[in-house]
Amino acid sequence: MRNSFNIASFSELVQETKEDPEKAQFYYGARARYLPHRGVRVFATPALLGGVKSARRFGFDVAEPAAHRLSDEPTPMEMALTGIASCSVKSTIAGGSSRNVNFDALAMTISAQLVPGGDEQLGAAKVAELSCELTAQTDTAGTVLAEIAAQVAERSPNHRTATDKTETRFLLGGRPVPLPSDDTPAPDTGGSRSVARHVTWLSGAQLESRDASGKGGVLRVDQPKQLAGVDWGPNPQEYLVMAAAADIAQLAGRAQQLRTGESGEWVVEATGHLDIRGLMNVDPTAPIGLQTVIFTLRAPDGMRSADAVADVCRAAAASAVVDLIARPHPAAVHVG
């Protein structure tokens, strides 16, 4: 045990995945519901961890972009950045502990520079730049920390989900929604804005995420009990899929509102598959980041199929969280 991180348990998990690759297959899910005049509420659905169900349920009311925000309501992008940074901090703890590094304190500030997308009415945005700065209090030499940071950039699953190209699929009524491929970089235009989170390690698998300015509510991060956590909060992958589901639900409802003058109930489920053999370097051919992220949508009752498809396509094209996941965003992990 080092930094309250159970090294023996981690080593045992590595051995299990070597012997049985199915135990390395982790599936995370989220369900978001948009209601007119009430906005979006999103939940983490039970995860499947190597064939074992993790029956946890965490829910969040999601902030409306143009509304007066309550202090404890995160935006989808804030949840997504929390997922990426907390995964990197956890990877730093694991990597440092394996090299006998003792941390007195550890944190990461992550920021995304957003620029307007093509659909101004819907508030479309793309991620123009992503930056990650790690700060640590430790007696370990700076060169060792730099090596650990480089390893985190290579092996942290959510970081790699953001820096690599990740496939996304959309299903509506059980049928695929054809979306045009968009690998174009974010436009170099004015009107950019920054979203930043400061994620602090507390102990073991427990972390806290705050707005980088120190204002607003706190998002708690933890692992399930099967992975040495205490179910104190969602884990990093759950934050990422919750952010994705919430953003699409919110944007689909707004797209319908803009098209017809009113909106109905939209339900979005997002799932992500992680093969942890990539994270643990058990299999060099295993992908490290989330594999295909699948969105399954249910449109309001009575809506014409063609109209529902149009709203889904518009929401997907406008989503900054989908852009963060689907398009590669080069970002090193710097030590501050």
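For this note's numbering, count along the sequence shown from 1 and bump the result up by 854.
Every residue gets a Cβ at the ideal spot worked out from N, C-alpha and C, and that includes glycine.
Per DSSP, what kind of secondary structure is residue i in: helix, strand or coil?
{"i": "residue 1069", "result": "coil"}
{"i": "residue 962", "result": "strand"}
{"i": "residue 929", "result": "coil"}
{"i": "residue 1123", "result": "strand"}
{"i": "residue 1117", "result": "coil"}
{"i": "residue 983", "result": "strand"}
{"i": "residue 869", "result": "helix"}
{"i": "residue 1165", "result": "helix"}
{"i": "residue 1062", "result": "strand"}
{"i": "residue 1015", "result": "helix"}
{"i": "residue 990", "result": "strand"}
{"i": "residue 1022", "result": "strand"}
{"i": "residue 911", "result": "coil"}
{"i": "residue 884", "result": "strand"}
{"i": "residue 936", "result": "helix"}
{"i": "residue 889", "result": "strand"}
{"i": "residue 1139", "result": "coil"}
{"i": "residue 1035", "result": "coil"}
{"i": "residue 1184", "result": "coil"}
{"i": "residue 968", "result": "strand"}
{"i": "residue 943", "result": "helix"}
{"i": "residue 1077", "result": "coil"}
Would you mind stating whether residue i and residue j have Cβ atoms separated by less than 9 Å?
{"i": "residue 1146", "j": "residue 1023", "result": "yes"}
{"i": "residue 1115", "j": "residue 1011", "result": "no"}
{"i": "residue 886", "j": "residue 906", "result": "no"}
{"i": "residue 1073", "j": "residue 932", "result": "yes"}
{"i": "residue 1225", "j": "residue 955", "result": "Missing from the structure shown is residue 1225; the chain here goes from 855 to 1190 and no further."}
{"i": "residue 1016", "j": "residue 1188", "result": "no"}
{"i": "residue 940", "j": "residue 1075", "result": "yes"}
{"i": "residue 1174", "j": "residue 1109", "result": "no"}
{"i": "residue 1031", "j": "residue 1166", "result": "yes"}
{"i": "residue 1119", "j": "residue 1155", "result": "yes"}
{"i": "residue 1003", "j": "residue 1186", "result": "yes"}
{"i": "residue 1142", "j": "residue 1124", "result": "no"}
{"i": "residue 1144", "j": "residue 984", "result": "no"}
{"i": "residue 914", "j": "residue 928", "result": "yes"}
{"i": "residue 1050", "j": "residue 935", "result": "yes"}
{"i": "residue 1172", "j": "residue 978", "result": "yes"}
{"i": "residue 1113", "j": "residue 973", "result": "no"}
{"i": "residue 882", "j": "residue 1091", "result": "yes"}
{"i": "residue 1170", "j": "residue 1033", "result": "yes"}
For residue i, tell me which candidate among the options has the shortest Cα-Cα distance.
{"i": "residue 1097", "options": "1130, 937 and 871", "result": "937"}
{"i": "residue 888", "options": "1064, 1162, 899 and 1104", "result": "1104"}
{"i": "residue 877", "options": "1134, 1099, 1092 and 1000", "result": "1134"}
{"i": "residue 1150", "options": "1162, 1122 and 1137", "result": "1122"}
{"i": "residue 868", "options": "1130, 1183 and 1111", "result": "1130"}
{"i": "residue 898", "options": "1100, 1169, 1183 and 1179", "result": "1100"}
{"i": "residue 1035", "options": "1051, 890, 872 and 1176", "result": "1176"}
{"i": "residue 1136", "options": "873, 857, 1052 and 858", "result": "873"}
{"i": "residue 981", "options": "1160, 1045 and 927", "result": "1045"}
{"i": "residue 857", "options": "1071, 1058, 1169 and 1112", "result": "1058"}
{"i": "residue 1054", "options": "969, 892, 952 and 964", "result": "964"}
{"i": "residue 999", "options": "967, 951 and 1026", "result": "951"}
{"i": "residue 866", "options": "970, 1080 and 1014", "result": "1080"}
{"i": "residue 1140", "options": "1064, 890 and 1014", "result": "1014"}
{"i": "residue 1089", "options": "1152, 903 and 1006", "result": "903"}
{"i": "residue 892", "options": "1005, 900, 870 and 918", "result": "918"}
{"i": "residue 1087", "options": "1061, 1138, 879 and 967", "result": "1061"}
{"i": "residue 953", "options": "997, 1111, 1071 and 1021", "result": "997"}
{"i": "residue 969", "options": "1159, 1047 and 871", "result": "1047"}
Give the range of the beta strand (DSSP E) segment to which residue i is assigned.
{"i": "residue 902", "result": "893-903"}
{"i": "residue 1092", "result": "No beta strand (DSSP E) contains residue 1092, which is instead part of the alpha helix (DSSP H) from 1090-1114."}
{"i": "residue 1190", "result": "Residue 1190 -> no beta strand (DSSP E), and no H or E assigned at all."}
{"i": "residue 1049", "result": "1047-1057"}
For residue i, report the span of its alpha helix (DSSP H) as first-last.
{"i": "residue 1179", "result": "1174-1180"}
{"i": "residue 1009", "result": "996-1009"}
{"i": "residue 1151", "result": "Run containing residue 1151: none in the alpha helix (DSSP H); it sits in the beta strand (DSSP E), 1147-1152."}
{"i": "residue 953", "result": "First-last for residue 953: undefined, no H or E at that position."}
{"i": "residue 1131", "result": "1130-1133"}
Any Cβ of chain C within less than 9 Å of the Cβ of residue i?
{"i": "residue 1031", "result": "Absent from the structure is chain C; it holds one protein chain and no more."}
At least three beta-carbon pairs within less than 8 Å, the stretch 946-963 to the stretch 973-988: The stretch 946-963 is in contact with the stretch 973-988.
Hey, is the stretch 946-954 in contact with the stretch 997-1011, meaning 3+ C-beta pairs nearer than 8 Å? yes
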